[in-house]
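See below for the structure under consideration.
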Amino acid sequence: MRATRTSELERVVRDHQAAVGNYLRRRLYPLTDGDLDDLVAETFTVVWRRFDAMPPDAQLPWIIGVARNVLHNAQRSRRRRSAYEGAVTPRGDASSTEDVVVADARVRHGLESLGDDEREMLLLHVWDGLSVADVASVLHVTPDAAAVRLSRARHRFRAFYDEWDES
Amino acid sequence: MRDAFEALAAQDPAAVAYQHPDPAALVARIGADHRRVALPGRFRLAIAAAAGVSGLVTVGLVAALSVNPALPMLAFAPTPAPVFAATKSAQSPTTAGVAMSVRPVAGHFGPGDSLASAYQLMVPAAGLDATMGLGAALGVVGTIGGYNGTTFSETGASGSRITYETTTGIGRWRYSAGSTTGLSPARFAAAIARQRWGYTVGLDTRTGSSPVLVDGSATTLRVSLTVHDGRVVAASGPAFVVAAMVNYRLRSPNDALATTYTERPTVATSVALAWSPYALTDGFVWLLPTFVFRGHSGARAWTGLSLAVRTATLTGTAG
Numbered sequence: 004m005r006a007t008r009t010s011e012l013e014r015v016v017r018d019h020q021a022a023v024g025n026y027l028r029r030r031l032y033p034l035t036d037g038d039l040d041d042l043v044a045e046t047f048t049v050v051w052r053r054f055d056a057m058p059p060d061a062q063l064p065w066i067i068g069v070a071r072n073v074l075h076n077a078q079r080s081r082r083r084r085s086a087y088e089g090a091v092t093p094r095g096d097a098s099s100t101e102d103v104v105v106a107d108a109r110v111r112h113g114l115e116s117l118g119d120d121e122r123e124m125l126l127l128h129v130w131d132g133l134s135v136a137d138v139a140s141v142l143h144v145t146p147d148a149a150a151v152r153l154s155r156a157r158h159r160f161r162a163f164y165d166e167w168d169e170s
Numbered sequence: 141m142r143d144a145f146e147a148l149a150a151q152d153p154a155a156v157a158y159q160h161p162d163p164a165a166l167v168a169r170i171g172a173d174h175r176r177v178a179l180p181g182r183f184r185l186a187i188a189a190a191a192g193v194s195g196l197v198t199v200g201l202v203a204a205l206s207v208n209p210a211l212p213m214l215a216f217a218p219t220p221a222p223v224f225a226a227t228k229s230a231q232s233p234t235t236a237g238v239a240m241s242v243r244p245v246a247g248h249f250g251p252g253d254s255l256a257s258a259y260q261l262m263v264p265a266a267g268l269d270a271t272m273g274l275g276a277a278l279g280v281v282g283t284i285g286g287y288n289g290t291t292f293s294e295t296g297a298s299g300s301r302i303t304y305e306t307t308t309g310i311g312r313w314r315y316s317a318g319s320t321t322g323l324s325p326a327r328f329a330a331a332i333a334r335q336r337w338g339y340t341v342g343l344d345t346r347t348g349s350s351p352v353l354v355d356g357s358a359t360t361l362r363v364s365l366t367v368h369d370g371r372v373v374a375a376s377g378p379a380f381v382v383a384a385m386v387n388y389r390l391r392s393p394n395d396a397l398a399t400t401y402t403e404r405p406t407v408a409t410s411v412a413l414a415w416s417p418y419a420l421t422d423g424f425v426w427l428l429p430t431f432v433f434r435g436h437s438g439a440r441a442w443t444g445l446s447l448a449v450r451t452a453t454l455t456g457t458a459g
């Protein structure tokens, strides 16, 4: 029985570690790449602890939801320290969502037009490749609500992207 | 003209798919962590440091400091003897501590007793040699591969594996026994002691992690072990040498607490000293003295970490 569960854990890690690692890497800021492996491990530790609660037909969005909570907790802890320790924060240390997106000011302008929830929905859909139903599962909203809000986010992002003045 | 969503997709920070450096070690760690709450990297280290790291220095009750900012003098407590002393080996008797590689820097010393050392850390040179040396010590001898500019790996018989990364300013090594039976904790400790790194560590015989000591002082860097049936089957830890040492005057713990945790509904009841790695703005990594506070926030236990020196006094480089 135990061996079965362990092999099931190995399968879950094998199948989903890349998606979890990518999800976390896209949103690491203000953490660094050096924290990434630990965040992945922490995510799957929580998954393992709550293994029986994982829906068999929607494992990835459920695991992404766990990763999201793990990341938020770590970011909160980091930010509590950063106010004083800003002077010793590594400079140019690691890629972050902000650092990378700012490379294209037009994309950044579009993202800045969105609220936090809308931006998260759009990025889950475009960057993480989740379906509307999976986005709804991650954010604990109904699929209908997710569809409406995602449509609104896409519309607003495109509008602000298109209005960007290259000059 | 490129579509808005094509442009957004092109900005994906994870264009190269994530791959954990050692999935087998990851699974082993998850199983080992099943009964305890793990936190990522630096955060876990902070809590663990406050939970009883050997060599910590207790300096008094912060509650008392809040009404009396005069600090008691720091007094170093003796470090408890580790189960395995990974400080010396017959092959390399000079690897104990960091005395061979410390370069004291003049001009930073001042009068008074409230001084603490900071240590500049550097990744040991020659990653390939480091990988092969660690591999030989741990019985992993085989194919060197997977080099991508920052990570070396060596895969031995039956899937045993060493990886050595140099991506974060401090090198990091990982060991996985693969399908071998692994190593006895004593042999593992001896192998680590032979690496001529700038730290010593006392390792347990059970799954868990132990703080590394630099110049005899406890740090928040740790060596983690996964032990199965009395054998070390996975492990990881830092790799660095100490390039320089600077003494800084400690600031008041009360001041540190007040400036770091401005929103705290928190009561700190004790403070200890540990050393944590920071990358300064010039890119160099230093182990800096850090206050580890313990207390409570409402009914919940609370642990906080704050630099024990004023950032304005940090020189960035040691010259």
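Respectively, the protein sequence lines represent chains B and L.
Plus 3 on top of the position in the first sequence (first one is 1) and you've got this note's numbering.
Plus 140 on top of the position in the second sequence (first one is 1) and you've got this note's numbering.
Virtual Cβ for every residue (Gly too), placed ideally from N, Cα, C.
Owing to the predicted nature of the structure, the values given are computational and were not obtained by experimental measurement.
Chain L within 9 Å of residue i, Cβ atoms only
{"i": "Gly24 (chain B)", "result": "yes"}
{"i": "Val16 (chain B)", "result": "yes"}
{"i": "Gln62 (chain B)", "result": "no"}
{"i": "Ala44 (chain B)", "result": "yes"}
{"i": "Leu114 (chain B)", "result": "yes"}
{"i": "Trp130 (chain B)", "result": "yes"}
{"i": "Thr9 (chain B)", "result": "yes"}
{"i": "Asp119 (chain B)", "result": "no"}
{"i": "Val135 (chain B)", "result": "no"}
{"i": "Arg29 (chain B)", "result": "yes"}
Residue i in three-state terms, based on DSSP
{"i": "Phe433 (chain L)", "result": "strand"}
{"i": "His143 (chain B)", "result": "coil"}
{"i": "Thr359 (chain L)", "result": "strand"}
{"i": "Ala149 (chain L)", "result": "helix"}
{"i": "Thr271 (chain L)", "result": "helix"}
{"i": "Ala333 (chain L)", "result": "helix"}
{"i": "Ala154 (chain L)", "result": "coil"}
{"i": "Ser414 (chain L)", "result": "According to the sequence as given, residue 414 (chain L) is Ala; it is not Ser. Reduced to three states, the DSSP call for Ala414 (chain L) is strand."}
{"i": "Arg28 (chain B)", "result": "helix"}
{"i": "Tyr388 (chain L)", "result": "strand"}
{"i": "Ser85 (chain L)", "result": "This structure does not reach residue 85 (chain L), given that chain L is present from 141 up to 459, and the question cannot be answered."}
{"i": "Val372 (chain L)", "result": "strand"}
{"i": "Val73 (chain B)", "result": "helix"}
{"i": "Val354 (chain L)", "result": "strand"}
{"i": "Gln159 (chain L)", "result": "coil"}
Closest Cα partner of residue i within the set the options
{"i": "Phe424 (chain L)", "options": "L:Leu268, L:Ser349, L:Gly285, L:Ile310", "result": "L:Ile310"}
{"i": "Ser319 (chain L)", "options": "L:Pro393, L:Gln151, L:Arg371, L:Tyr304", "result": "L:Arg371"}
{"i": "Val110 (chain B)", "options": "L:Ala144, L:Ser324, L:Val386", "result": "L:Ala144"}
{"i": "Phe328 (chain L)", "options": "L:Leu274, L:Pro161, L:Ser416, L:Pro417", "result": "L:Leu274"}
{"i": "Val312 (chain L)", "options": "L:Leu278, L:Pro378, L:Ile284", "result": "Note that residue 312 (chain L) corresponds to Arg in the displayed sequence, not to Val. Checked all of L:Leu278, L:Pro378, L:Ile284; the closest Cα to Arg312 (chain L) is L:Pro378."}
{"i": "Ala150 (chain B)", "options": "B:Ala70, B:Arg161, B:Ala21, B:Met124", "result": "B:Met124"}
{"i": "Ser324 (chain L)", "options": "L:Val373, L:Arg362, L:Trp337, L:Ile302", "result": "L:Val373"}
{"i": "Asp355 (chain L)", "options": "L:Ala384, L:Ser376, L:Arg346", "result": "L:Ala384"}
{"i": "His128 (chain B)", "options": "L:Phe433, L:Glu146, L:Trp337", "result": "L:Glu146"}
{"i": "Val156 (chain L)", "options": "B:Arg71, B:Tyr26, B:Asp147, B:Asp18", "result": "B:Tyr26"}
{"i": "His112 (chain B)", "options": "B:Trp167, B:Arg53, B:Ala22, B:Asp40", "result": "B:Trp167"}
{"i": "Arg336 (chain L)", "options": "L:Thr271, L:Leu413, L:Gly435", "result": "L:Thr271"}
{"i": "Pro163 (chain L)", "options": "B:Leu31, B:Gln20, B:Arg30", "result": "B:Gln20"}
Any C-beta of chain B under 9 Å from that of residue i
{"i": "Pro151 (chain L)", "result": "Checking the displayed sequence, the identity of residue 151 (chain L) turns out to be Gln instead of Pro. Taking Cβ atoms only, chain B reaches closer than 9 Å to Gln151 (chain L), which makes this a yes."}
{"i": "Gly171 (chain L)", "result": "yes"}
{"i": "Val263 (chain L)", "result": "no"}
{"i": "Ala258 (chain L)", "result": "no"}
{"i": "His436 (chain L)", "result": "no"}
{"i": "Phe145 (chain L)", "result": "yes"}
{"i": "Ala270 (chain L)", "result": "no"}
{"i": "Pro91 (chain L)", "result": "An answer regarding residue 91 (chain L) cannot be provided, because it is not within the stretch 141 to 459 covered by chain L."}
{"i": "Pro429 (chain L)", "result": "no"}
{"i": "Tyr158 (chain L)", "result": "yes"}
{"i": "Leu323 (chain L)", "result": "no"}
Straight-line gap, residue i to residue j (C-alpha atoms, nearest Å)
{"i": "Ala172 (chain B)", "j": "Val49 (chain B)", "result": "No answer is possible for residue 172 (chain B): the residues shown for chain B start at 4 and end at 170."}
{"i": "His368 (chain L)", "j": "Ala44 (chain B)", "result": "19 Å"}
{"i": "Ala168 (chain L)", "j": "Val382 (chain L)", "result": "31 Å"}
{"i": "Gly24 (chain B)", "j": "Leu74 (chain B)", "result": "11 Å"}
{"i": "Asp165 (chain B)", "j": "Leu117 (chain B)", "result": "14 Å"}
{"i": "Asp60 (chain B)", "j": "Leu133 (chain B)", "result": "14 Å"}
{"i": "Arg28 (chain B)", "j": "Ala150 (chain L)", "result": "15 Å"}
{"i": "Leu361 (chain L)", "j": "Val352 (chain L)", "result": "6 Å"}
{"i": "Gly279 (chain L)", "j": "Gly296 (chain L)", "result": "8 Å"}
{"i": "Pro146 (chain B)", "j": "Asp40 (chain B)", "result": "32 Å"}
{"i": "Pro218 (chain L)", "j": "Val386 (chain L)", "result": "At Pro218 (chain L), the pLDDT of 25 sits below 50, so the modelled position is not reliable; the number obtained from the coordinates is stated separately. Roughly 22 Å separates the two Cα atoms."}
Supposed close pair residue i, residue j - CB separation, criterion 8 Å
{"i": "Arg152 (chain B)", "j": "Asp120 (chain B)", "result": "7 Å"}
{"i": "Leu427 (chain L)", "j": "Ala256 (chain L)", "result": "Not really, about 10 Å apart at Cβ, beyond 8 Å."}
{"i": "Phe160 (chain B)", "j": "Leu114 (chain B)", "result": "7 Å"}
{"i": "Pro393 (chain L)", "j": "Val411 (chain L)", "result": "5 Å"}
{"i": "Leu166 (chain L)", "j": "Val16 (chain B)", "result": "6 Å"}
{"i": "Ser316 (chain L)", "j": "Ser300 (chain L)", "result": "7 Å"}
{"i": "Val141 (chain B)", "j": "Gly68 (chain B)", "result": "5 Å"}
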